[in-house]
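K.L.:
Residue numbers (this note's numbering), protein chains in the order written: chain X, 24 to 353; chain F, 12 to 106.
Note that the Cβ used here is the ideal one computed from N, Cα and C, for glycine as well.
Remember, it's a predicted structure, so these values are computed and weren't measured experimentally.
Take this structure first; my questions come after.
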Amino acid sequence: MTSTTHASLTDRYVAAALHGVPHDERGDLELELRGSIGDAVDARVAAGESPAGAESAVLSELGDPARLADRYSGRVRQLIGPTVYREWWRLLRVLLAVVVPIVVGIDVIAAVLDGDDALDVFGSALAAAFELSVQLCFWVTLVFAVIERTVPGGTQSMDEWTLDDLPEVVDRRVGVADTAFWLVTIALTVAAMLWQRGSTLVTVDGSPVAILEPDNWSFWWPFLIATLVAEAVLAVVVFRRGVWTPALLGVYVVLELAFALPVLWLLSQDRVFNPEFTEQLDWGSVSDPAGLLTTIAAVSVVAITVWDIGEKSVSVWRSRGDGAAPVLGV
Amino acid sequence: MLACLRVLREPGYGYALLEQLESAGFEVQGNTLYPLLRRLESQGLLESDWNTDESRPRKFYRTTEQGDAVERALRADWQRLDDAINGLDGRGGRP
Chain X
24 MTSTTHASLT DRYVAAALHG VPHDERGDLE LELRGSIGDA VDARVAAGES
74 PAGAESAVLS ELGDPARLAD RYSGRVRQLI GPTVYREWWR LLRVLLAVVV
124 PIVVGIDVIA AVLDGDDALD VFGSALAAAF ELSVQLCFWV TLVFAVIERT
174 VPGGTQSMDE WTLDDLPEVV DRRVGVADTA FWLVTIALTV AAMLWQRGST
224 LVTVDGSPVA ILEPDNWSFW WPFLIATLVA EAVLAVVVFR RGVWTPALLG
274 VYVVLELAFA LPVLWLLSQD RVFNPEFTEQ LDWGSVSDPA GLLTTIAAVS
324 VVAITVWDIG EKSVSVWRSR GDGAAPVLGV
Chain F
12 MLACLRVLRE PGYGYALLEQ LESAGFEVQG NTLYPLLRRL ESQGLLESDW
62 NTDESRPRKF YRTTEQGDAV ERALRADWQR LDDAINGLDG RGGRP
């Protein structure tokens, strides 16, 4: 290599390939790499190529210097590799499914007890859920990325597989997301029932007016909350089983009706909404806002109940129709 | 890798080894071979010496005893695998 421009081509290549290689190895590696390139160029020149053409051919053959540098340094070119991927994903899923609903639920209950505005409660719950999810993902991923790079013998998976790790044969048609959504819906409903007592949507002389009939706290509201709590327990049972069975569906239908029928009956008796609240309603041209509100509520309850039961029935039908899942009675 | 350990029982340097392997029918490229040599060295299967007698200093690698042992073990494995596959041909070839 007599020409400086071509020498600089090799210089540039070597510099790029050494980038990221530990300092104490560089001198040795540089000398060796230059030697190998020089040998290859000499061999090509001896075979009749021009020095410039030989050099660029040799360097092209060696390929991307960044990849060569990776091979030299044995660097990991991935955030989470196959050795820790399963553990990472497993932990992340569990944390997201367990921690987020619990913390957000506590957040909502605390806000409700403080008598916060409904919009505020909803907004802060959303924000808390989002922030917490992002934080969980970030920290879990960071820890695993560090583990992947520092734990010696990182080529072995972290936990040795044993027969005990064989999953039970459950056909997981009921996912984490479904269950979490269901539980959050229940939690929000209960929270809303508790919160409305001190809500300031409507006030009389500056003091808050409850939306739901306060007299029902002697029986019906606690009863409805109890059915919701029972439904939450059912949600967990269904999740643990992994599939909807006819028996579980039966329990679900009973609980749904135990909620919907009393509400419809109370609506028909005008005993759901607080009269003090409905008196304050002013929907402009609507002559009977309380009646309209009752109708909307009744239609909603029927629609939601029919939809819920229909959706779960389809789940049962699917898990039976498939025949692959061992569906046993409870 | 097996071939490297085998050939380097006689000391050799990067480019010469590359040519040797190529002429022996191995399709190997410099960008694979050079890092491999260093890795084998760091694992103690190869040892190296700088030879500065010639105009261009060259790093000569040589298979260590440990490398020799690994090479024999790998070859035994390879042989077993080869035998097994040939055995399949012998039996499975006929309907």
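Can you list, in chain order, the residues of its chain whose CB lies under 8 Å from that of X/V68, leaving out five sequence neighbours each side?
P.N.:
Taking the first residue of the first sequence as position 1, residue 68 of chain X is located at position 45. Cβ neighbours of X/V68 beyond the five flanking positions: P74, A77.
K.L.:
List, in chain order, every chain F residue whose beta-carbon is nearer than 7 Å to that of X/D47.
P.N.:
Translated into the one-based positions of the first sequence, residue 47 of chain X becomes position 24. The premise fails here: X/D47 is roughly 12 Å from chain F at the closest Cβ pair, so nothing lies under 7 Å.
K.L.:
Applying the criterion that 16 or more other CB atoms from any shown protein chain within 10 Å of the CB defines a buried residue, is X/D139 buried or exposed?
P.N.:
Within the first sequence, numbered from 1, the residue matching residue 139 of chain X stands at position 116. Result: buried.
K.L.:
Hey, is the region 108 to 119 of chain X in contact with the region 50 to 62 of chain X, meaning 3+ C-beta pairs nearer than 8 Å?
P.N.:
Counting C-beta pairs closer than 8 Å gives fewer than three between the region 108 to 119 of chain X and the region 50 to 62 of chain X, which falls short of the contact rule.
K.L.:
When you compare each of X/D201, X/A283, X/I248 to X/T328 by their alpha carbons, which one comes out closest?
P.N.:
Position 305 of the first sequence, counted from the first residue, corresponds to residue 328 of chain X. X/T328 has its Cα closest to that of X/A283, out of X/D201, X/A283, X/I248.
K.L.:
For X/V227, which beta-bridge partners are listed by DSSP?
P.N.:
Here residue 227 of chain X is taken as the residue at index 204 of the first sequence, counted from 1. DSSP, once it has assigned bridges, lists X/S230 as partnering X/V227.
K.L.:
Tell me F/N62's beta-bridge partners as DSSP assigns them.
P.N.:
Walking along the second sequence from the start, residue 62 of chain F turns up at place 51. Beta-bridge pairing links F/N62 to F/R69.
K.L.:
Mapping the DSSP letters down to three states, classify X/F204 as helix, strand or coil.
P.N.:
Position 181 of the first sequence, counting from 1, holds the residue named residue 204 of chain X. X/F204: helix per DSSP, three-state reduction.
K.L.:
Taking the alpha helix (DSSP H) that X/W112 belongs to, which residues open and close that run?
P.N.:
The residue given as residue 112 of chain X occupies position 89 in the first sequence. Where X/W112 is concerned, the enclosing alpha helix (DSSP H) stretches over 105 to 136.
K.L.:
Per DSSP, what kind of secondary structure is X/F296 in: helix, strand or coil?
P.N.:
For the purposes of this step, residue 296 of chain X is taken as the residue at position 273 of the first sequence. Strand.
K.L.:
Closer than 9 Å between beta carbons: that is the criterion. Which residues of the region 54 to 80 of chain X meet it against chain F?
P.N.:
Residues passing the 9 Å Cβ filter: L54, E55, L56, R57, G58, S59, I60, G61, D62, A63, D65, A66.
K.L.:
How would you call X/P88, buried or exposed, if buried means at least 16 neighbouring beta carbons within 10 angstroms?
P.N.:
Start at 1 with the first residue of the first sequence, and residue 88 of chain X comes out as number 65. With 16 or more other Cβ atoms within 10 Å, it is buried.
K.L.:
Starting from F/P46, follow the alpha helix (DSSP H) in both directions and report where the run begins and ends.
P.N.:
Along the second sequence, one-based indexing puts residue 46 of chain F at 35. 41 to 53 is the span of the alpha helix (DSSP H), which, as asked, contains F/P46.
K.L.:
For F/R20, count the other beta carbons within 10 Å of its own beta carbon; 16 or more makes it buried, fewer makes it exposed. Which is it?
P.N.:
Translated into the one-based positions of the second sequence, residue 20 of chain F becomes position 9. Per the 10 Å Cβ criterion, exposed.
K.L.:
Going along the chain, which residues of the region 59 to 79 of chain F sit with their C-beta nearer than 7 Å to a C-beta in chain X?
P.N.:
R67, P68, R69, K70
K.L.:
Report the three-state DSSP secondary structure of X/T178 (helix, strand or coil).
P.N.:
Counted from its first residue, the first sequence places residue 178 of chain X at position 155. Bear in mind that the predicted position of X/T178 carries a pLDDT of just 45, short of 50, making it unreliable; the figure below should be weighed with that in mind. It is coil, neither helix nor strand.
K.L.:
Going straight from the alpha carbon of F/D94 to that of X/A200, what length do you get?
P.N.:
Here residue 94 of chain F refers to the residue found at position 83 when the second sequence is read from its first residue. Here residue 200 of chain X refers to the residue found at position 177 when the first sequence is read from its first residue. Distance between the alpha carbons of F/D94 and X/A200 is about 52 Å.
K.L.:
With a floor of 4 residues, list each alpha helix (DSSP H) that falls wholly inside the region 33 to 58 of chain X, ordered by position along the chain.
P.N.:
none
K.L.:
Could you name the residues of the region 96 to 111 of chain X whose beta carbon sits closer than 8 Å to any beta carbon of chain F, in the order they occur along the chain?
P.N.:
G97
K.L.:
Would you verify that the beta carbon of X/L82 is, or is not, closer than 7 Å to some beta carbon of chain F?
P.N.:
Looking up residue 82 of chain X in the first sequence gives position 59. Not one chain F Cβ lies under 7 Å of X/L82.
K.L.:
For X/L85, which three-state DSSP category applies?
P.N.:
Indexing the first sequence from 1 puts residue 85 of chain X at position 62. Three-state result, X/L85: helix.
K.L.:
Spatial neighbours of X/R220 within its chain, please: C-beta separation below 7 Å, excluding the five flanking residues on both sides.
P.N.:
Locating residue 220 of chain X in the first sequence gives position 197, counting from the first residue. So the qualifying residues of the chain are A233.
K.L.:
Of all Cβ atoms in chain F, is any one closer than 7 Å to the Cβ of X/L118?
P.N.:
Position 95 of the first sequence, counted from the start, is the residue given in the question as residue 118 of chain X. Cβ-Cβ to chain F under 7 Å: no for X/L118.
K.L.:
Contact check, F/F71 vs F/G23 under 8 Å by CB: the rounded distance?
P.N.:
The residue given as residue 71 of chain F occupies position 60 in the second sequence. The residue given as residue 23 of chain F occupies position 12 in the second sequence. That belief holds up - the Cβ atoms of F/F71 and F/G23 are roughly 7 Å apart, short of 8 Å.
K.L.:
Against chain F, does X/G86 count as a neighbour if the rule is that its beta carbon must be under 7 Å from one of theirs?
P.N.:
Position 63 of the first sequence, counted from the start, is the residue given in the question as residue 86 of chain X. Yes, because at least one Cβ of chain F sits closer than 7 Å to the Cβ of X/G86.
K.L.:
So F/Q40 contacts chain X; which residues on that side make the cut at Cβ distance below 9 Å?
P.N.:
As a first step, residue 40 of chain F must be located in the second sequence, where it is residue number 29. Those are E84, L85, G86, listed as they occur along chain X.
K.L.:
Locate the alpha helix (DSSP H) running through F/Q31, then write down its first and last residues.
P.N.:
As a first step, residue 31 of chain F must be located in the second sequence, where it is residue number 20. Here the alpha helix (DSSP H) through F/Q31 covers 25 to 34.
K.L.:
For my contact list, X/V227 and X/E334 are in at a C-beta cut-off of 8 Å; report their separation, rounded to the angstrom.
P.N.:
As a first step, residue 227 of chain X is located in the first sequence; it is residue number 204 there, counting from the start. As a first step, residue 334 of chain X is located in the first sequence; it is residue number 311 there, counting from the start. Contact doesn't hold; Cβ gap of about 41 Å is too wide.
K.L.:
Count the other CB atoms, across all protein chains shown, that sit within 10 Å of the CB of F/A87; report buried if there are 16 or more and exposed otherwise.
P.N.:
Counting from 1 along the second sequence, the entry for residue 87 of chain F is found at position 76. When all chains shown are included, F/A87 counts as exposed.
K.L.:
Which complete alpha helix (DSSP H) runs does the region 294 to 332 of chain X hold, if anything under 4 residues is left out?
P.N.:
Taken in chain order, the whole alpha helix (DSSP H) runs of length 4 or more contained in the region 294 to 332 of chain X are 298 to 303.
K.L.:
Counting only beta-carbon separations shorter than 7 Å, does X/R94 have a partner in chain F?
P.N.:
What you label residue 94 of chain X is simply residue 71 of the first sequence in a count that begins at 1. Contacts with chain F at 7 Å (Cβ-Cβ) include X/R94.
K.L.:
For X/L91 and chain F, any beta-carbon pair shorter than 7 Å?
P.N.:
In the first sequence, residue 91 of chain X corresponds to position 68, counting from 1. Judged by the 7 Å Cβ criterion, X/L91 is in contact with chain F.
K.L.:
Measure the alpha-carbon distance for X/F246 versus X/S222 and round it to whole angstroms.
P.N.:
For the purposes of this step, residue 246 of chain X is taken as residue 223 along the first sequence, with counting starting at 1. For the purposes of this step, residue 222 of chain X is taken as residue 199 along the first sequence, with counting starting at 1. Rounded to the nearest angstrom, the gap between the Cα atoms of X/F246 and X/S222 is 21 Å.
K.L.:
Please decide whether F/P46 counts as near chain X, where near means a Cβ-Cβ distance under 7 Å.
P.N.:
Position 35 of the second sequence, counted from the start, is the residue given in the question as residue 46 of chain F. Cβ-Cβ to chain X under 7 Å: yes for F/P46.
K.L.:
For X/D293, which option in X/A321, X/L272, X/L280, X/T268 has the closest C-alpha, if you only look at C-alpha atoms?
P.N.:
For the purposes of this step, residue 293 of chain X is taken as residue 270 along the first sequence, with counting starting at 1. Comparing Cα positions, the closest option is X/A321.
K.L.:
Let me see if you follow: with CB-CB separation under 7 Å, is F/G55 close to chain X or not?
P.N.:
As a position in the second sequence, residue 55 of chain F is number 44, starting the count at 1. F/G55 does not count as touching chain X.
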